[in-house]
Each structure stands twice: as structure tokens, then as C-alpha cells.
Ligand code: CP
Ligand code: NVA
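Residue numbers (our numbering): 2 to 313.
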């Protein structure tokens with residue numbers, strides 16, 4: 002595919018990206034990582050500006066966008082919700098129109114998926130979802146890049162997400178897996194099972210790619226996994242539900258015993274981070290031989306740089 006085909010595109014979630022387009026972004030991600038290792042300096046964002054809107058906190062996503070854009074000569078501007086009128090004293094539509102006149106692209110992290118959709122619709126520039134309550138698409142691309150580094154070809158591999166099956170990370174993994182032929186098994190308590198409508202929506206993509214998407218409460222479904230992935234039990238904005246979450250998810254902690262139940266000595270452990278060590282994952286697992294979480298965190302930057310290079 003021609004890179005120019007993607008100019009002007011937004012990344013709201015992976016639903017409207019074809020497998021070929023996602024694979025192109027992955028190739029570009031590996032190539033920008035290699036080039037940074039070789040200390041190649043490029044100025045591909047010289048004269049460009051990026052608005053970075055954050056309603057929620059962030060370490061990795063903010064630093065990935067900011068350093069990736071700045072390294073290429075661009076000027077990123079960080080704006081938290083206490084700095085600007087995003088839906089406070091001005092409609093999101095109006096803010097989007099104004100930002101679209103001043104910036105080459107916009108990143109948004111916050112609560113409602115609708116906000117990032119409005120920004121994309123009204124601004125006229127590429128908009129990137131840096132996490133909402135519903136999706137975390139840039140994370141999922143870094144996760145697949147990490148799988149490719151370990152396993153090479155990812156189609157036919159099995160990724161097992163253990164935890165809150167309705168959260169932004171689980172839902173994004175389901176979408177990207179369905180497009181790329183990765184078998185995605187979500188193991189979660191029935192109360193936190195992934196919504197039926199998302200599973201119905203991805204079914205045709207999974208049928209086309211050969212991906213098997215499964216949601217189950219049964220921990221023995223971890224057998225045969227190539228990667229076991231978990232995330233925090235309490236996502237940002239859900240703090241009031243902490244006690245109920247701990248009660249529901251304690252049986253789903255990723256332990257060395259659970260990793261052994263994969264029956265796969267080469268199975269790796271993944272986590273989007275930040276982690277609550279001792280809660281969703283034990284210290285020996287996240288600090289152990291199988292853990293790839295630091296590569297995964299670094300790959301946020303390379304994948305985000307690739308997304309911006311392809312679309313700006
Ligand atoms: N994984 C991730 O999105 O990390 P941050 O919340 O630190 O951005
Ligand atoms: N599910 C987590 C992901 C953090 C990167 C949250 O939304 O808080």
C-alpha cells in the first residue's frame with residue numbers, strides 16, 4: 002500500500018482500519034524503532050504542531066506522543082482539562098474547530114468515546130485516541146508489535162487477556178486481533194464479560210482473518226496461550242467500584258501457576274502498565290523471565306510515531 006493513502010486519517014479505534022493498513026503501520030513501527038536505535042535523525046514533523054488533550058493522567062501515552070513528535074522536529078502542546086475549555090465553557094465541537102485551525106493533528110485521552118469522535122469529525126485534522134473509557138487503540142498496536150518481536154508472524158498465535166473483559170484494553174485487543182488473525186481469549190468473571198455487541202461486530206472480521214475470539218470465565222482456557230495479558234482491575238474513572246472489582250477479580254490474578262497452566266514454556270507475559278503489583282499480577286510474573294512489559298512500554302513510542310508519520 003502507498004503511505005500517502007493514510008494521510009489525513011484519524012485513529013478512533015481499529016474498527017475502520019483494514020488489516021493491510023494495520024500491517025503497514027506495524028512495518029513502519031519496526032522500521033522507526035530500528036532507525037532510532039541507529040541514531041538516525043529525521044525532521045519529518047518540522048513546522049508541524051500536535052495538540053495533546055488529557056482529561057485523565059498518563060505517563061506512557063503522553064511521553065510517547067510528546068517525544069515521538071518532538072524528535073521529528075514537531076512542536077507538541079500539552080493541554081490538560083484544567084487548561085482548556087473542552088466541553089466546560091465551550092462545546093467540544095467549537096474547541097475542535099479552533100484546534101483544527103492551529104494544529105496539524107490532535108491527540109485526546111479522556112472519558113467519553115464520543116468526545117474523540119466529535120474531535121475527529123469537527124477539527125478537519127487527524128485525531129488520535131490516546132485512551133477513552135471504551136478503547137485504547139494505540140496501546141493495542143504496541144502490543145501486537147511486541148508479539149511480532151517475540152514470535153514473528155502473529156496470525157494463528159493466541160493472546161489470552163485475563164481480567165476486566167469490558168475495559169478499554171481488552172476491547173481494543175479484541176478488535177485488532179479480529180483484524181489480524183490473532184486468536185484472542187478473554188478470561189473474566191461473567192459480571193465483567195465483554196459486551197455482546199462488540200463480539201457481534203468483530204465476528205465478520207474474525208471470520209475473514211481466521212481469528213478465534215472467545216470470552217469465558219474458565220481459567221483453564223489459558224491452555225495453549227502464547228501470551229497472557231492483564232490490566233489493572235480498576236480503570237481510571239471507576240475508582241468508586243474498587244471493592245467490588247477486587248472481590249470479582251481476585252481469582253483472576255496472573256500468577257506463576259496460571260502462567261504454567263498455559264502448558265507453553267515460551268508463553269510471554271504482557272501488561273499495558275501502570276501495574277498494581279501483587280493485585281492483577283504477582284511480582285514474580287511481572288519481574289520474571291517471561292515478562293515483556295518494558296519492551297511493550299517502549300513500543301508505545303515507536304508505534305505512535307509510525308501512526309503520526311503515516312497520517313500527518
Ligand atoms: N499504558 C498506558 O496507556 O500508560 P499511561 O496511562 O501511562 O499512558
Ligand atoms: N484500563 C486502564 C488502562 C490504563 C492504561 C485504564 O483505563 O485505567
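From the three backbone atoms N, C-alpha and C, an ideal C-beta is built for every residue, glycine too.
Around the CB of residue 44, fewer than 16 other CB atoms lie within 10 Å, so the residue is classed as exposed.
The DSSP-derived three-state label of residue 212 is coil. Sequence-distant partners of residue 70 (beyond 5 residues in either direction) whose C-beta falls short of 7 Å from its own C-beta, in its chain, are 46, 51, 77, 309. The C-beta distance from residue 208 to residue 268 rounds to 26 Å, too long to meet the 8 Å contact threshold. By DSSP's assignment, residue 230 forms a beta bridge with 162, 271. DSSP places residue 192 in no alpha helix (DSSP H); its state is neither H nor E. The residue from 140, 149, 152 with its alpha-carbon nearest to that of residue 176 is 140. Residue burial annotation: residue 295 is exposed, with fewer than 16 other C-beta atoms found within 10 angstroms of its C-beta. Using a Cβ distance threshold of 7 Å, residue 131 and residue 115 do not count as a contacting pair.
In this structure, the alpha-carbon of residue 91 lies about 24 Å from that of residue 135.
Residues of the same chain with a CB within less than 6 Å of the CB of residue 303, apart from the 5 flanking positions on each side, are 30, 33, 34 in chain order.
Per DSSP, residue 280 lies in no alpha helix (DSSP H) and is assigned neither H nor E. Judged by their CB atoms, residue 170 and residue 64 are not nearer to each other than the 7 Å cut-off. Annotation for residue 108: the continuous beta strand (DSSP E) segment containing it runs 106–110. In this structure residue 284 does not touch residue 256 by the C-beta definition: roughly 10 Å separates them, more than the 8 Å allowed. Secondary structure of residue 20 (DSSP, three-state): helix. If you look at residue 13, you'll find it isn't in any alpha helix (DSSP H); DSSP assigns it neither H nor E. Going by beta carbons, residue 305 and residue 104 fall outside the 7 Å limit.
Rounded to whole angstroms, residue 17 and residue 149 show a C-alpha spacing of 22 Å. The region 117–128 makes contact with the region 8–23; the number of CB pairs closer than 8 Å reaches 3 or more. Around the beta carbon of residue 231, 16 or more other beta carbons sit within 10 angstroms, so the residue counts as buried. For residue 274, the distance from the CB to the nearest heavy atom of the ligand CP is below 6 Å. Only exposed fits residue 221, as fewer than 16 other CB atoms lie within 10 angstroms of its CB. Taking a 10 Å sphere around the C-beta of residue 39, we find fewer than 16 other C-beta atoms and assign the residue as exposed. Distance from the Cα of residue 181 is smallest, within the candidate group 204, 163, 119, 167, for 204.
Boundaries of the beta strand (DSSP E) harbouring residue 187: 184–188, taken from the DSSP string.
Within the model, the alpha-carbon separation for residue 155 versus residue 248 is close to 34 Å.
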